[in-house]
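Only one structure is covered here, and it is reproduced in the block below.
Below, the structure written as structure tokens:
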């Protein structure tokens, strides 16, 4: 690893006793600096046994916290190696101790930190000691209910009803709901309660009233005089033009009405009438007269509007502030009923606790010696206040060295979540005021030098040169001066709409051009995995998917999908839908594609074309011609439907879903995938949701599906980027927000000509003005009071500045190459008046500098020009050739729109499709399966064949037959309870409580408790009597359920070790619990099948921790037998050879002949024995 630069070293080591803020540009190594500072603090207090509790490191996502902990672990391992090389045994021992205890390190998100504080002081914080944390969708649903109920209450009240009705009528109910939600989020971000808001609003209203009264007294009478004088001058013009004549004819009538007018409303109407006559061109000599009159009218109109609507707004705020208070109170009651808090509560209640209980604040202030905060530019006001409470003493002073924050204001792109970039500048000034220092990291180690030149050129124009503003830009340095590339930046000019055929949109043309460009780079030898497409929003992602698919480019969309868009959730919802809506073709297609059936798209197409979706599955089988394997899958689905329908209407929805999962073996299929843990958790969450419902949705499938549809509407657009397939050999598509913190060799940034949607809300909470309400007149036009215009101006400025920062984040993700695309939209007006990024390029570089003949665009004579692509062949759809894709046919048939006429379809449409899944990431269970039988792994994981049974094995379970706990679920429950029992502080007397706790964790219904207890009791009693449990207090250290994800031999392997123990001689042992139902005679053979799993555990542990346990033991609970493997050099070498062989297998071509069947006893009960030649060979 490269040594730290001088500036990095200063922040990480030299200023340990000084408060420090690190301003770090993209690619400057800011997280590395924070990691080194953390480890240097450990080094300074190495002998303090409590130092890990005295340092807290805060970041903004769980993923970032995990990565930070892993970086610290790597650095500690490096310190161990250094101590060993220098033969510093005591130093090495201390670092090893810290490595072992690193799990205690307080590295977390704000929310996780606050959760632990509240759990420590639940009574003082007025929360339930066993509080739950609501998911975002749950919180939003409850908040919507609270808003709707509160609005109904306000509507019934007579107080100020005309004002309230007028405002309601002028706006839609949904926009009012959304505005109230937005206002509550702003309230939390500012760290205000409703009383603070009301006080600020009242103070503002009083100031505005005083200012307006003064202006009225000073300006109103003079303005009327000026109006009359200006009118008289116009009336004296001898030869007025047509437009001017309109004013002259209107004036006498207008003046008479004006003198008689009594109300402000009437006067506003008259001013508007007069303004309507002041239009058009009045001639060269008279146009100034018109403009003078317009100016006077506008001033009078503004005074009148302020006079009228200040009082109306005051009445509205007097309604809205209590309304917000009522919503909060109702929402809190709903949360209390569930003994739950939301994410905002975690921060707010912690803030209240530390503010109101000085002794608790003092305890945390004294206990925590160092506070490190990453990505500080993303903080909101309440988070800033929490940091202050932890770092400032009662006099507001920060002890030297206590606070260390890193961030980059230029990358603050989370205003929609409440982040306020100005807090970075505020904190920087506070740190300097208290004797701290700022360290600026201005070297970009990520990007090509030519890219950095481009960044500096663009953002020195778009950002400010004022150091005190958030969008301050200081030119960045490159790690080297020279580039190794001939092309670094490219621009794809997308044709204007008028240049395209009618059936091709600009986005389609752009996507096709990008696909062609990617295809060209691939032909040049650049792998797909190096390329990433960044989008502002996922609005047009389908267009890019289709364009890439058309030219055969593999891609992976990091959708950050909502819960109800998860495939496993959709599968279950589709199954439920066909139970109550058997004519729903889309639901049938989803079920047929899912693991519930698993037929090919070709079979689904046959059902649509030949059976026309009519009748039942048995009817389809008589009308379609498919392989026997496909017939068997459909027969299995029919049998499953028969079994589930027996319970339809008899079981609650939650229990019916559980029964479906059990009977189908769906959960076992999920666990066999690389995302099995997450997918299974999603299924359990869906069951939990159904179980928590009351009323009709709890018992009616139709009502439950309607409820799901309502809930899904409240999902957030985006979540964190998935890391499941980040190493797959495909082009990645993700949003810019998802890409933040990441880097890619080649970045495509399309949509430069898109105009982003502006944020509009009826309510704004402003730090200065308080609650500002958007009002409308009787015509529905927005009323712009003085402070409303100021708020709007502030909002536009903040949105534009954040748009610039978003552009900055997007561009700086590129390491080697950046491809921009969009239409050549000319700049009109100033840069900060335009929101299309393509206009910025015109303003900063100028489209007139493009040399179309040479295909270059120069912006700096001393550096590489931008390569320009004006068009690609075949980007415009041809109307002379009729083509139709398989997806087109399928989608049309699903919709019932495809004509019954012969189609020219390529013969390979109905051939076995070749599936090449992502095989770099693998979990331990799948790897064991691969080692034990590559052929079974091929059937199950590579081509996705569901487990196959003979016809006589397909059995319909009678409702009266005894249920059994599925083996996988039983294993999970036993593992979990054994893990809890190994806690030295947990006694055997707590076993009943632990079983109940496990049932709750796995969302099992309460009436199943006796059944579950009976199923698990034999295993748990044997475990309690075992030497492992009986001697648990003798172990020096116990690690339970140790998760890992390690890259070994080119594979990313994840798994969980049940138990690691250290004896009094400092020897480590690994234990793995097994719930297989086997006899004593079968222990050795079964242990040998599990040996690869243990070997992988040991290799992962060695790589992560730097040392090796001496023994790996399997504990089979069914016959109560231990089987141990000594971790010798030869045993490890065997493991490494085995791992490399399987890695080669996974990374090669997924051909059947490469995955050789291993014949043995397991073939007798293998679910693929009907199609595997291994059975015949045996």
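In full-length UniProt numbering, the protein residues as written are 1 to 1178. Ideal Cβ positions, reconstructed from N, Cα and C, are used throughout, including at glycine.
Reduced DSSP category for residue i - H, G, I as helix; E, B as strand; rest coil
i, result
"residue 531", "strand"
"residue 1111", "strand"
"residue 732", "strand"
"residue 282", "coil"
"residue 824", "coil"
"residue 1122", "strand"
"residue 807", "helix"
"residue 1069", "strand"
"residue 701", "helix"
"residue 291", "helix"
"residue 978", "helix"
"residue 427", "helix"
"residue 744", "strand"
"residue 1116", "strand"
"residue 471", "coil"
"residue 986", "coil"
"residue 1160", "coil"
"residue 20", "strand"
"residue 968", "helix"
Separation of residue j from residue i, as counted between CA atoms
i, j, result
"residue 516", "residue 20", "48 Å"
"residue 851", "residue 572", "57 Å"
"residue 28", "residue 272", "57 Å"
"residue 38", "residue 136", "32 Å"
"residue 743", "residue 177", "39 Å"
"residue 507", "residue 687", "40 Å"
"residue 647", "residue 664", "14 Å"
"residue 737", "residue 66", "19 Å"
"residue 308", "residue 866", "56 Å"
"residue 749", "residue 837", "11 Å"
"residue 900", "residue 608", "Because residue 900 carries a pLDDT of 36, less than 50, the predicted location of this residue cannot be relied on, and no value is offered for it."
"residue 411", "residue 460", "15 Å"
"residue 691", "residue 147", "25 Å"
Integer-rounded CB distance, given that residue j should sit under 8 Å from residue i
i, j, result
"residue 566", "residue 682", "5 Å"
"residue 568", "residue 679", "5 Å"
"residue 930", "residue 820", "Actually they are not in contact, since the Cβ atoms of residue 930 and residue 820 sit about 43 Å apart, beyond 8 Å."
"residue 600", "residue 630", "7 Å"
Start-to-end residues for the beta strand (DSSP E) that takes in residue i
i, result
"residue 1054", "1051-1062"
"residue 48", "Here residue 48 belongs to no beta strand (DSSP E), and DSSP marks it neither H nor E."
"residue 1179", "Residue 1179 is absent from the structure shown; the chain starts at 1 and stops at 1178."
"residue 764", "763-766"
"residue 490", "489-493"
"residue 869", "866-869"
"residue 372", "370-373"
"residue 1037", "1037-1048"
"residue 269", "First-last for residue 269: 264-276, but that is the alpha helix (DSSP H), not the beta strand (DSSP E)."
Endpoints, the alpha helix (DSSP H) within which residue i is located
i, result
"residue 638", "628-645"
"residue 114", "110-120"
"residue 778", "Looking at the DSSP string, residue 778 is not in any alpha helix (DSSP H), and its letter there is neither H nor E."
"residue 13", "Element bounds for residue 13: n/a, residue is neither H nor E."
"residue 590", "585-593"
Beta carbon proximity, residue i to chain D, threshold 7 Å
i, result
"residue 822", "The displayed structure is made up of one protein chain only, and chain D is not part of it."
The stretch 778-791 in contact with the stretch 406-424 per 3-pair CB rule at 8 Å: no
- prompt: Counting Cβ pairs closer than 8 Å, one from the stretch 207-221 and one from the stretch 326-339, do we hit at least three?
  reply: no
message: I'd like to know if the stretch 68-80 and the stretch 89-101 are in contact, where contact means that at least 3 CB-CB pairs between them fall below 8 Å.
response: yes
- request: Indicate whether the contact test is met: 3 or more Cβ pairs, each with one atom in the stretch 1041-1048 and one in the stretch 1014-1032, closer than 8 Å.
  value: no
query: Three or more C-beta pairs closer than 8 Å, one from the stretch 1144-1158 and one from the stretch 924-939: is that the case here?
result: yes
message: Three or more C-beta pairs under 8 Å: does that hold for the stretch 543-561 against the stretch 685-700?
response: no
task: Answer yes if the stretch 131-149 comes into contact with the stretch 338-352, meaning at least three C-beta pairs across the two stretches below 8 Å, and no otherwise.
output: yes
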